[in-house]
Structures are given as structure tokens and as C-alpha cells.
Amino acid sequence: MLLLSPNASADNIINIDQAGSSLELDITQSGSGNKIGHLNNISLDAVISGNNKDIDFTMDGKNNQIKTWSNGSDQIIFADIEGDSNTVAMDNHGDDNKLYYWGVGDSNIAWLEIGNNNDNDNQIDLRQYGDSHYAYLETNDDYNNIDAYQGGGQDDNYIKVLINSGSSNDVTAWQGKHSDGTTDADEVGDHTGYWIVSGDSNVLKSYQTDTNRANGGGAGHHFANYITGDSNVVTHTQKGKAGHDGFIEITGDSNTVDLYQKGNNGVKWA
0 MLLLSPNASA
10 DNIINIDQAG
20 SSLELDITQS
30 GSGNKIGHLN
40 NISLDAVISG
50 NNKDIDFTMD
60 GKNNQIKTWS
70 NGSDQIIFAD
80 IEGDSNTVAM
90 DNHGDDNKLY
100 YWGVGDSNIA
110 WLEIGNNNDN
120 DNQIDLRQYG
130 DSHYAYLETN
140 DDYNNIDAYQ
150 GGGQDDNYIK
160 VLINSGSSND
170 VTAWQGKHSD
180 GTTDADEVGD
190 HTGYWIVSGD
200 SNVLKSYQTD
210 TNRANGGGAG
220 HHFANYITGD
230 SNVVTHTQKG
240 KAGHDGFIEI
250 TGDSNTVDLY
260 QKGNNGVKWA
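See below:
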């Protein structure tokens, strides 16, 4: 099924209430007030239930909003937005699911949550490039993978990852990139990130950089890791033209931490 909003001058609103298995759905909205609702309103619906779903939301420009609640296994839900005010909130429950949000340009904000009470083997992939970035990512269970990237924006990029009682998760947060996912063409800096993790045998990697900055401006970076559990592996890397604050607090046994800071200016604090 292809749903296309053909009139860029009109407000486009799509509400979905879907149950059953094996659905493939592509929705493209080019134009004005774009909305795909619920997750606590946008005029309700956007409920997706059942297994084996492949759903792709695409928005090109203007006010944007994608909000969904989904339940089932083997689901792939992909939100792709280019330009303007952007807001994404996707809450998913089940096993072997994937949530993707790729956003380019303008005000951004993303809230992605996956898993609740024994929902395992899930994946969150977030990419925000350009403008005001904010991201909140959460998983509650085991064997989940989170890969989050922010870059090309103004100051005050912010990302928070919360793992509640989950083990054997693999989490990477990139702000600007490097080591070595590369990118960082002319990154401004002033990135902020947080882990709050409860569980064992998690692998947590954070990278902040603006080493290629040419245009000046921007402050240093801040990253804080709060971890409760055993046998976690933490890699915390900050590079750039201004100062860095790095904070790691761990309660538990047999954890491994590597905190690395490098830059030409400002104060490095760990």
C-alpha cells in the first residue's frame, strides 16, 4: 500500500489503527502541516499491532510529526524526515523489532522507546543531522542494540539513553562522530550526553568531537555515565577545540572503563 499526500499546500493528517500480521506500508507526505498521530494524541490512532510489519514513514518539509505506538514481533518501523519543525515519538513493544529515525534539518526532537518486560533482541537506530537536535532513547530489556548519531547542528545538541534492568545491550552514541565512524566536517561543539544504565554485561560507547571545527564558536562537551551493575564495558571519548567534562559513576563489580579526552583549548575535566 502506498499512501501519498499529493497537495503540498494542504495540511496532511493520517491516522492509523492496524491489527494483524504481515503488513507492508509506505506513507509519503510532501508538504505542509504533516501529522501521523497518536502516542498521546495528535488526534488519536497510529496504533500498530501484530507481527511481521515493514512500515516506512517519509516526510519532506514543513511542520512534521510522527507518533506511533506499536506491539508485536519482527517489526521494522522507519521514520525519515527532511526539513522543518520535526517531532518523532515511537513506542514499541515486542521482540526482534527495529525502530529507525533519520532526520535531516531544522528543529528536531526524538523520543524512541523499545521493549517493556522481557522484550529482547531489539534495535534503535537514530540519526539527526542539522539544527537543534534532542533525543531520548530507552530500552528495558536484554540483547538490545542502540546506535545514535547527532551532528551538523548548532550548539546544545543533547542525547539521553536510559536502560532499565537490561543486560547484554550494546549502545553507541556519536555526537559529531569519529573513533572511527568519521564525519565531523565542521562540527560546532557543545554536545551533551547521558547514560543511565541498570544491568550487567552491557557495552556502552560514547564519542563527542569537533576536532575539524574551522568556524569558531561553540562550547565544550559534557558526557555523564551513571551505571549500576556488573561486567559492563564503558568507552568514553571526547575530542575538540574547547573544554570537556567527563563523568562516570559506577556501582558494581568487574566493570571496565576507558575515559579519553583530547583538545587544544579549554579545560579538560574528568
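The opening residue of the sequence shown carries number 0 in numbering that gives the first Met the number 0; numbering runs sequentially from there.
We treat Cβ as the ideally placed atom computed from N, Cα and C, and that holds for glycine.
Computed from a predicted structure; not experimentally measured.
Helix, strand or coil: how does DSSP classify G62 here?
Looking at the sequence shown, residue 62 is not Gly but Asn. Coil at N62, not helix or strand.
For L1, which residues in the same chain have their Cβ closer than 7 Å to its Cβ, ignoring the five residues on either side in sequence?
Since pLDDT at L1 reaches only 45, below the 50 mark, its modelled position is unreliable, and no value is offered.
Under DSSP, the beta strand (DSSP E) around H221 begins and ends at which residues?
H220 to T227
Under the assumption that H235 contacts D257 (Cβ atoms under 8 Å), give the Cβ distance between them as a whole number of angstroms.
About 7 Å separates the beta carbons of H235 and D257, which is inside the 8 Å limit, making them a contact pair.
Could you compute how far the alpha carbon of N70 sits from the alpha carbon of N117?
13 Å
Would you call the CB atoms of Q174 and Q207 closer than 7 Å?
Taking 7 Å as the Cβ cut-off, Q174 and Q207 qualify as a contacting pair.
Y259 - containing beta strand (DSSP E), residue span
T255 to G262
Going residue by residue through the stretch 129-192, where are the continuous beta strand (DSSP E) segments of at least 3 residues, counting only ones entirely within it?
134-138, 144-150, 156-162 and 169-174
Out of curiosity, what's the CA-to-CA distance linking A78 and L98?
8 Å
I'd like to confirm the pairing. Which residues does DSSP put opposite I108 in its beta bridges?
DSSP lists no partner for I108.
Buried or exposed (CB count within 10 angstroms, at least 16 for buried), W268
exposed
What residue from G102, Q17, H190 and Q64 has the CA that sits closest to G239's CA?
When C-alpha distances from G239 are compared across G102, Q17, H190 and Q64, the shortest belongs to H190.
DSSP three-state assignment for A88, whether helix, strand or coil
strand
Give me the Cα-Cα distance between I249 and H220, rounded to the nearest whole angstrom.
21 Å
Compare the C-beta of L203 against all C-beta atoms of chain C and say whether one is closer than 7 Å.
The structure shown contains no chain C; it is built from a single protein chain.
If you compare alpha carbons, which of G93, L125, W68 and G129 is closest to G104?
G129
Cβ separation of N62 and N91, assumed to be a contact under 8 Å, to the nearest whole Å
Their Cβ separation, rounded to whole angstroms, is 24 Å, which puts N62 and N91 out of contact at 8 Å.
Here's the rule I'm using: 16 or more other beta-carbon atoms within 10 Å means buried, otherwise exposed. How should V233 be labelled?
buried
If I follow the unbroken beta strand (DSSP E) through D25, where does it start and stop?
According to the DSSP assignment, D25 belongs to the beta strand (DSSP E) that extends over L22 to S29.
Look at N50 and S72 and say whether their C-beta atoms are less than 7 Å apart.
Cβ atoms of N50 and S72: closer than 7 Å.
To the nearest angstrom, how far is it from the Cα of S270 to the Cα of V202?
Past the boundaries of the shown model lies residue 270; the chain is included only from 0 to 269, so the question cannot be answered.
Taking 7 Å as the threshold (C-beta atoms), are I47 and Q17 in contact?
yes
Would you mind sorting E23 into buried or exposed? The rule is 16 or more other CB atoms within 10 Å of its CB.
exposed
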